[in-house]
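K.L.:
In the UniProt record's numbering, the protein residues as written are 1 to 939.
1) To which residues of the same chain is residue 463 closer than 8 Å at the C-beta, ignoring the five residues directly before and after it?
2) Quick one: Cα of residue 474 to Cα of residue 517, how far?
3) Under a Cβ-count criterion, where at least 16 other Cβ atoms within 10 Å of its own Cβ denotes burial, should residue 502 be classed as buried or exposed?
4) When burial is assigned at 16 or more other CB atoms within 10 Å of the CB, is residue 203 buried or exposed?
5) Take residue 282 as the anchor and find which of 635, 122, 491 has the nearest alpha-carbon.
6) Residue 275 by DSSP, collapsed to three states: which one?
7) Please identify the residue among 96, 148, 371 whose C-alpha is closest to the C-alpha of residue 247.
8) May I ask you to report which of helix, strand or coil DSSP gives residue 293?
9) Should residue 881 go down as buried or exposed, given a rule of 16 or more other Cβ atoms within 10 Å for buried?
10) Would a C-beta distance cut-off of 9 Å place residue 472 and residue 910 closer than the cut-off?
11) Tell me which residue opens and which closes the alpha helix (DSSP H) that residue 149 is part of.
12) Based on the DSSP output, what are the partners of residue 263 in its beta bridges?
13) Do residue 220 and residue 259 come within 9 Å of each other at the CB atom, strictly closer than that value?
14) Measure the beta-carbon distance from residue 821 to residue 695 and round it to whole angstroms, keeping in mind my assumption that it falls under 8 Å.
15) Classify residue 817: buried if its beta carbon has 16 or more other beta carbons within 10 angstroms, exposed otherwise.
16) Hey, is the stretch 521 to 529 in contact with the stretch 59 to 67, meaning 3+ C-beta pairs nearer than 8 Å?
17) For a quick check, are the C-beta atoms of residue 558 and residue 566 less than 9 Å apart?
18) Let's see if you can read the secondary structure: which residues bound the beta strand (DSSP E) around residue 631?
19) Using the three-state DSSP reduction, which class does residue 459 fall into: helix, strand or coil?
20) Is the separation between the beta-carbon of residue 672 and that of residue 779 shorter than 9 Å?
21) Look at the alpha carbon of residue 600 and the alpha carbon of residue 855, and state the distance between them as a whole number of angstroms.
22) Pick from 49, 314, 12, 40: whose alpha carbon is nearest that of residue 563?
23) Around the C-beta of residue 291, are 16 or more other C-beta atoms found within 10 angstroms, so that it is buried, or is it exposed?
24) What are the complete beta strand (DSSP E) segments, minimum 3 residues, inside the stretch 182 to 239?
25) Excluding the 5 residues flanking residue 632 on each side, which residues of the same chain have their C-beta closer than 6 Å to its C-beta?
26) Helix or strand or just coil, what does DSSP make of residue 540?
27) In terms of residues, what are the limits of the beta strand (DSSP E) holding residue 99?
28) CA-CA distance, residue 934 and residue 926?
29) Would you mind reading off the limits of the beta strand (DSSP E) that contains residue 403?
30) What runs of the alpha helix (DSSP H), each 4 residues or longer, lie entirely inside the stretch 727 to 780?
31) Starting from residue 554, follow its DSSP beta bridges and name the residues at the other end.
32) Quick one: using the 10 Å Cβ neighbour count with 16 as the cut-off for buried, is residue 96 buried or exposed?
33) Assign residue 238 to buried or exposed, taking buried as 16 or more other Cβ atoms, counted over all protein chains shown, within 10 Å of its Cβ.
34) Along the chain, where does the beta strand (DSSP E) that runs through residue 788 open and close?
35) What is the rounded straight-line gap between the Cα of residue 3 and the Cα of residue 25?
36) Which residues bound the beta strand (DSSP E) around residue 933?
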């Protein structure tokens, strides 16, 4: 390594902190006295093997110090915690800017948070619709308007000179009073005349002694005037305004104006076509507010109801063949017979497959008619019988979360959709892909007045939508739940939100923003990061994507190995120099090392076939998924990969095998060798445990053996300790101050909670007498602090423990610590811990024939680690299982036995099946196919 690439301590001390961010001798986690100077306002990529120390440098050193210095600038209340907020373990850090970390964790667990709310776009939309939304009556299609004092006076003053007008209010008579009494009260209020049955009368006349009780329709005569446009017009206008206001008050929001023989009625109520409408306000469009939320689902968008997919599981069957599952039994068949006997009377085709019926015919099965009781009546009958156990079991079989029937999943009260801006309701906008919503705002037609009112709001919405499109998320809808996004998607949403805030002079630290992006979309993302840097920010990206390194101003390579073998700065310089370097990254990028292409593709005989998938943007796709081989599903971001696999194949197959799953997307039927699949295992990137105590060693069931081993030590036996004493989850041996967490949470009212090391146990999680028990001179806390690689050497004479831990190393996780809290693992790491748990002997109850589905397992992996991952995935196939992978990484795609490619673009322009076959056949389409174009150089 050349001397000028790695800065020496003397060189570091001499640098100017106005031009560089300087770190001297960082020792955080596995960093080995690492010194580095990062030039300001540049685009810097930090790379290296998984676990080499990239995140320790970027997040745990740079970002942690930036956050600490920020809190130091706050009030004394905040600073009282700072004495205890750990400084990163470095000699010094100089020239640091305000730091913003954009990580790829899906941190949102809130089921109400959506893409629209988390990017603040929805807040602007609510304001926009409250200010300029026009309420349109669903009956006549006319705009609902209410008259105001101003609008009535404007109408009167626009009449011709000399027009005589009478301003009246209908008398609101109290049922318990006679009309004469009511008139007497009017007299006391100061009114002198009324119109009775169309004739004017003095009130005194009508209630004089001896007069009969008046009968008929009564109007209070508020004022009479002649319209003039001379010098007294202003006085007249004020007088009319006063009179109209009085008329609205006395007439309970109604004012009548008589013009000769013609009468005009003005209403201060918001109504039309016999319907009273709500006036738009911000809360009217908020599903997080009881006022705006749909009453049926309370703003959740879904209800626990009858799942149509469970009721009609095989859409290719006819009603006669038993498409309706609950009516197949002898007892419930009595519901089916009237339909079969009488179908001919109302022209219902009982011999036509369900998926070929029209929407009206499908709906008729639920609603029924005079000839037969529909499914709705059937389930009401079952509901009424739930005091009997068999009916409770029957009902539970068909229950599931379904879209709310009232709001159709939009979460808002129904009348919110009556409010339109340029013909679209807020519900229409949140259900469109972001690209379509952006088009709508770019081509908005508004009146001059509305444009003046909403100009700033439209600018904000358009900017934020265009940032979402630029970071490759144009295929999402604003209604999409935040907690259903992948780690990469949620990170890019945070990135788009940061772009919207337009900060300058900051330090942005990103964790693999290219995750979940096809190489084609990654190029677009690079442009976004560049614009962030050109605004005057330092952009530091932890990344393995080749395209990202190629355009960086500087690349830092941390290594040489992972875990305790990493933590050194191996290279700093340009991409061209990196290609010549002897680091793993340099060797893979220059082609001196590579992930080998398999010599042959595995043949297959059996498959599961999905027919007619139409969910989201899928365009009637039918596709074969081969069994007992490795299949990779590819395509640009938003092309429909996740919809096809997660929403259709996985849930429908789980249900076909007798399990429970979420609602299935729209498709015709599932066919093929379903009986050859024993079980479906969906290995996603969600955290491996709900609590912060969950960790890799407990997840792969190795901790039980470790605790038993410590309880067998002579000192432990002498003190009467059981294996449970070595658990940090239950009382006994754990530190009770932090309850075995090692950290204490301080709730901050003005920013994110801060976690501080427990002062009682010093972060060791256990009481001192437990820590006295040692094995090979290490206590239980020190063992939990070891990396997987180190622990395999430490436990070399403990085969039971080795058997459980070895798979973690096999999937490329040798660098993580045994006791590392699950909430510090990235999505990709959590997914690989799950993969390791399946590789341990006896972990899978079924003897082969499991369909494993992985979503982007290459997340967070260096080229060198991908070969380890491929070995693990191939091991699953060798054990007689099927591996199905949704992936963009070309090294994994080139090793597939079979490829399914969707596209050609994302969102509405995607959803077509472009290719099914081997990688060799795919690259023949390099001219026309995005995936083939990037795959060709790899084969």
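In this text, a Cβ means the ideal position worked out from N, Cα and C, and glycines have one as well.
P.N.:
With the structure as the only source:
1) Residue mapping note: residue 463 aligns to position 463 of the chain shown, counting from 1. Around residue 463: 500.
2) Residue 474 sits at position 474 when you count from the first residue of the chain shown. Residue 517 sits at position 517 when you count from the first residue of the chain shown. Roughly 12 Å separates the two Cα atoms.
3) Along the chain shown, one-based indexing puts residue 502 at 502. Classification for residue 502: exposed.
4) Indexing the chain shown from 1 puts residue 203 at position 203. So residue 203 ends up on the buried side.
5) Here residue 282 refers to the residue found at position 282 of the chain shown. With distances taken between Cα atoms, residue 282 lies closest to 122.
6) Position 275 of the chain shown, counted from the start, is the residue given in the question as residue 275. In the structure shown, residue 275 sits in a strand (DSSP, three-state: E or B).
7) Walking along the chain shown from the start, residue 247 turns up at place 247. Minimum Cα distance to residue 247 is reached at 148.
8) Taking the chain shown and counting its residues from 1, the one referred to as residue 293 is at position 293. Strand.
9) One-based indexing of the chain shown puts residue 881 at position 881. Result: buried.
10) Working through the chain shown from its first residue, we reach residue 472 at position 472. Working through the chain shown from its first residue, we reach residue 910 at position 910. Not in contact: residue 472 and residue 910 (Cβ atoms no closer than 9 Å).
11) Indexing the chain shown from 1 puts residue 149 at position 149. Taken as a continuous stretch (DSSP letters only), the alpha helix (DSSP H) holding residue 149 covers 149 to 157.
12) Mapped onto the chain shown, residue 263 falls at position 263. Answer by DSSP bridge pairing, in chain order: 258.
13) Stepping through the chain shown from its first residue, residue 259 is reached at position 259. Stepping through the chain shown from its first residue, residue 220 is reached at position 220. No, the pair does not count as a contact, with Cβ atoms beyond the cut-off.
14) One-based indexing of the chain shown puts residue 821 at position 821. One-based indexing of the chain shown puts residue 695 at position 695. Yes, residue 821 and residue 695 are in contact; Cβ-Cβ is about 6 Å, under 8 Å.
15) The sequence position of residue 817 within the chain shown is 817, counting from 1. It counts as buried.
16) no
17) Taking the chain shown and counting its residues from 1, one reaches residue 558 at position 558. Taking the chain shown and counting its residues from 1, one reaches residue 566 at position 566. A contact, by the Cβ cut-off of 9 Å.
18) Here residue 631 corresponds to residue number 631 of the chain shown, with the count starting at 1. Where residue 631 is concerned, the enclosing beta strand (DSSP E) stretches over 630 to 634.
19) Mapped onto the chain shown, residue 459 falls at position 459. Here residue 459 sits in helix by DSSP.
20) The residue you call residue 672 lines up with position 672 of the chain shown. The residue you call residue 779 lines up with position 779 of the chain shown. No, Cβ-Cβ distance for residue 672 and residue 779 is not below 9 Å.
21) Position 600 of the chain shown holds residue 600. Position 855 of the chain shown holds residue 855. Roughly 24 Å separates the two Cα atoms.
22) Along the chain shown, one-based indexing puts residue 563 at 563. Checked all of 49, 314, 12, 40; the closest Cα to residue 563 is 49.
23) Position 291 of the chain shown, counted from the first residue, corresponds to residue 291. Result: exposed.
24) 193 to 196, 199 to 202, 218 to 226
25) Your numbering for residue 632 matches position 632 in the chain shown. Hits under 6 Å: 885, 887, 893, 896, 899.
26) For this step, residue 540 is matched to residue 540 along the chain shown. Residue state, collapsed to three classes: strand.
27) As a working mapping, residue 99 is identified with position 99 in the chain shown. Per DSSP, residue 99 belongs to the beta strand (DSSP E) from 99 to 102.
28) Within the chain shown, residue 934 is the residue found at index 934, counting from 1. Within the chain shown, residue 926 is the residue found at index 926, counting from 1. Each residue's alpha carbon lies about 8 Å from the other.
29) For the purposes of this step, residue 403 is identified with residue 403 of the chain shown, where counting begins at 1. Run containing residue 403: 399 to 403, per the beta strand (DSSP E) assignment.
30) 768 to 771
31) Locating residue 554 in the chain shown gives position 554, counting from the first residue. Paired residue(s): 44.
32) For the purposes of this step, residue 96 is identified with residue 96 of the chain shown, where counting begins at 1. Buried, since its Cβ has 16 or more Cβ neighbours within 10 Å.
33) Translated into the one-based positions of the chain shown, residue 238 becomes position 238. Classification of residue 238: exposed, given that the 10 Å Cβ count is below 16.
34) Here residue 788 refers to the residue found at position 788 of the chain shown. Note, residue 788: premise wrong, no beta strand (DSSP E); alpha helix (DSSP H) at 788 to 794.
35) Here residue 3 refers to the residue found at position 3 of the chain shown. Here residue 25 refers to the residue found at position 25 of the chain shown. For residue 3, the predicted model reports a pLDDT of 40, less than 50, meaning its position is unreliable; a value from the coordinates is still stated below. Our two residues, residue 3 and residue 25, have alpha carbons roughly 17 Å apart in a direct line.
36) Along the chain shown, one-based indexing puts residue 933 at 933. Element bounds for residue 933: not the beta strand (DSSP E) but the alpha helix (DSSP H), 930 to 935.
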